[in-house]
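J.: For what it's worth, my numbering labels the leading residue of the sequence shown as 25, then goes sequentially.
All residues carry an ideal CB built from backbone N, CA and C; glycine is no exception.
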Amino acid sequence: MTDGIDPKSVVAHLSQERLAPYLRVADGDHAEALALYEWNCRMSSTAFETVAHLEVLLRNAIDGALARHTGESARGIPWFLCSPPMRDSTSETITSVRQRLCHEGRDTRHQIIAGLSFGFWSGMLGARYEDLWRSALRHAFPNSSGARKDVARDVEAIRKFRNRLAHHDSMLNIDIPFEMRRVHRVAAYIDTTVASWLARADRSLAVYAERPTFGFDTVVVPAKRAWPLYQDTQAYVCQPGRWFQPVERIAFYADQCIQAPVPKILYRRDNVTWTPREAERLADSDDRNDRKIASVITASREQGWAEGMYQVFLLSGPGHPQHRQLDTALPHETSGRGSAFVQRQRYVSLHQLETAHTTADLST
Numbered sequence: 025m026t027d028g029i030d031p032k033s034v035v036a037h038l039s040q041e042r043l044a045p046y047l048r049v050a051d052g053d054h055a056e057a058l059a060l061y062e063w064n065c066r067m068s069s070t071a072f073e074t075v076a077h078l079e080v081l082l083r084n085a086i087d088g089a090l091a092r093h094t095g096e097s098a099r100g101i102p103w104f105l106c107s108p109p110m111r112d113s114t115s116e117t118i119t120s121v122r123q124r125l126c127h128e129g130r131d132t133r134h135q136i137i138a139g140l141s142f143g144f145w146s147g148m149l150g151a152r153y154e155d156l157w158r159s160a161l162r163h164a165f166p167n168s169s170g171a172r173k174d175v176a177r178d179v180e181a182i183r184k185f186r187n188r189l190a191h192h193d194s195m196l197n198i199d200i201p202f203e204m205r206r207v208h209r210v211a212a213y214i215d216t217t218v219a220s221w222l223a224r225a226d227r228s229l230a231v232y233a234e235r236p237t238f239g240f241d242t243v244v245v246p247a248k249r250a251w252p253l254y255q256d257t258q259a260y261v262c263q264p265g266r267w268f269q270p271v272e273r274i275a276f277y278a279d280q281c282i283q284a285p286v287p288k289i290l291y292r293r294d295n296v297t298w299t300p301r302e303a304e305r306l307a308d309s310d311d312r313n314d315r316k317i318a319s320v321i322t323a324s325r326e327q328g329w330a331e332g333m334y335q336v337f338l339l340s341g342p343g344h345p346q347h348r349q350l351d352t353a354l355p356h357e358t359s360g361r362g363s364a365f366v367q368r369q370r371y372v373s374l375h376q377l378e379t380a381h382t383t384a385d386l387s388t
């Protein structure tokens with residue numbers, strides 16, 4: 025019982041199927057699962073609010089660029105009634121919106137633009153509109169790289185994120201800070217002042233920080249030598265037989281800060297013979313983990329690592345779907361002998377890392 029409420033009864037009414045992701049994370053504890061579910065609902069609604077602001081900015085930016093391109097103010101004909109720039113499929117979408125609004129007596133230009141979906145605007149940035157991008161659409165994003173693919177990739181990813189939010193999907197395995205950074209990046213493509221406003225209005229990271237956490241999933245390791253090796257190889261190497269709690273990720277403490285990458289552990293092997301001969305043998309293997317370890321051995325030897333026996337973790341890198349990257353490295357502001365944040369290893373949660381500003385914000 026929690027405040028007179030039976031969590032099992034609530035879960036039963038919401039359905040076991042809907043609460044299944046939360047029950048898994050909470051190890052079957054119904055009260056903790058319900059707390060996670062409540063947080064998930066707050067997180068989704070808060071993130072959706074910011075994405076909705078971006079949707080308005082996006083459609084207005086594209087609308088303005090196309091209106092100017094077609095000389096709409098002089099011709100008196102909205103761009104979405106002209107061909108070009110419209111194609112058959114987009115014209116059909118606009119016709120459908122106009123007809124729906126006409127039945128409601130609301131078929132004004134403004135309402136037609138507002139009635140077009142996020143998917144419509146994302147589609148306008150597709151490859152088939154490359155020529156239109158070069159002549160008009162790029163002007164909607166003056167602070168972007170100028171490449172259509174860069175903007176289209178970000179906008180399409182936001183569309184998919186928006187749909188997950190709208191359908192009340194679980195956010196437990198979604199990198200919310202990463203997704204929201206993308207939202208703000210697209211806003212900055214359009215206008216830096218409005219991007220600053222959006223950052224001020226956005227409450228998503230505050231709500232993200234409220235997520236209930238149960239246990240640790242990340243080990244922070246001292247990495248004076250291991251950090252450069254990870255940067256070259258996406259691997260962590262340490263002494264053989266070293267014991268670790270079951271974790272999903274590794275974070276690197278180097279240069280008096282926890283570095284921004286928090287890679288996923290993909291594979292672990294202990295007692296690896298660290299010699300050029302072993303590297304040659306592994307390189308000829310049909311097993312891709314063997315071949316990867318061979319490349320790590322070779323790279324480490326080039327960095328001055330000695331022969332011997334080691335334990336190796338193969339880790340994710342940028343572009344891997346389960347890789348995580350903090351917004352910035354977390355500085356350790358305490359100095360002096362013996363004051364390093366971690367001497368051997370230290371356990372935290374990914375969520376703690378994502379919501380901290382310095383190592384002082386991490387619980388012991």
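For Ala259, collect the residues of the same chain with a Cβ closer than 7 Å to its Cβ; drop the 5 residues on either side in sequence, then sort them by chain order.
T.: Leu253, Val320, Val336, Phe337, Leu338 and Leu339
J.: What is the DSSP secondary structure of Cys106, counted as helix, strand or coil?
T.: coil
J.: Who are Ile274's beta bridge partners in DSSP?
T.: DSSP, once it has assigned bridges, lists Val243 as partnering Ile274.
J.: Could you check whether Leu189 and His77 sit closer than 8 Å to each other, using their CB atoms as the reference points?
T.: no
J.: Among Ile274, Val296 and Glu180, which residue has its Cα nearest to the Cα of Gln263?
T.: Val296
J.: Check Met333 in the structure and name its three-state DSSP category.
T.: Strand at Met333.
J.: Spell out whether any CB of chain D is found under 8 Å from the CB atom of Asp155.
T.: Going by chain labels, chain D is absent from the structure shown, which holds only one protein chain.
J.: If I follow the unbroken beta strand (DSSP E) through Thr216, where does it start and stop?
T.: Here Thr216 belongs to no beta strand (DSSP E); instead the alpha helix (DSSP H) covers Thr216 to Ala225.
J.: DSSP three-state call for Leu354: helix, strand or coil?
T.: Strand at Leu354.
J.: Would you list, in sequence order, the uninterrupted alpha helix (DSSP H) runs of no fewer than 4 residues that lie entirely inside the segment 134 to 197?
T.: 142 to 147, 154 to 159 and 172 to 190
J.: Are the Cβ atoms of Leu196 and Trp145 separated by less than 8 Å?
T.: no
J.: Between the segment 171 to 187 and the segment 201 to 216, are three or more C-beta pairs nearer than 8 Å?
T.: With the cut-off at 8 Å, the segment 171 to 187 and the segment 201 to 216 touch.
J.: Pick out whichever of Asp30, Glu56 and Gln40 has its Cα sitting closest to the Cα of Pro236.
T.: For Pro236, the nearest C-alpha among the options comes from Glu56.
J.: Just to confirm the assignment: which complete alpha helix (DSSP H) runs, minimum length 4, are found wholly within the segment 35 to 98?
T.: You should have 40 to 49 and 54 to 93.
J.: Just curious, the alpha helix (DSSP H) that Thr297 is in, first and last residue?
T.: No alpha helix (DSSP H) holds Thr297; the beta strand (DSSP E) holding it covers Ile289 to Trp298.
J.: Compute the Euclidean distance between the alpha carbons of Trp251 and Ala230, then round it to the nearest angstrom.
T.: 30 Å
J.: Do Ala91 and Ala164 come within 8 Å of each other at the CB atom, strictly closer than that value?
T.: no
J.: Tell whether a beta-carbon distance below 8 Å holds between Ser324 and Val245.
T.: no
J.: What does the alpha-carbon distance come out to for the pair Val210 and Gly332?
T.: 49 Å
J.: Got a sec, what are the start and stop residues for the alpha helix (DSSP H) Ala318 sits in?
T.: DSSP places Ala318 in the uninterrupted alpha helix (DSSP H) bounded by Arg312 to Glu326.
J.: Quick check: does the Cβ of Trp157 come within less than 7 Å of any heavy atom belonging to the ligand MN?
T.: No copy of the ligand MN appears in this structure; indeed no ligand is present at all.
J.: Would you tell me roughly how many angstroms separate the C-alpha atoms of Arg368 and Arg249, rounded to the nearest one?
T.: 13 Å
J.: Counting beta carbon pairs with one atom in the segment 348 to 356 and one in the segment 367 to 382, are three or more of them shorter than 8 Å?
T.: yes
J.: So, is Thr70 buried or exposed, given that buried needs 16 or more other C-beta atoms within 10 angstroms?
T.: Buried is the call here.
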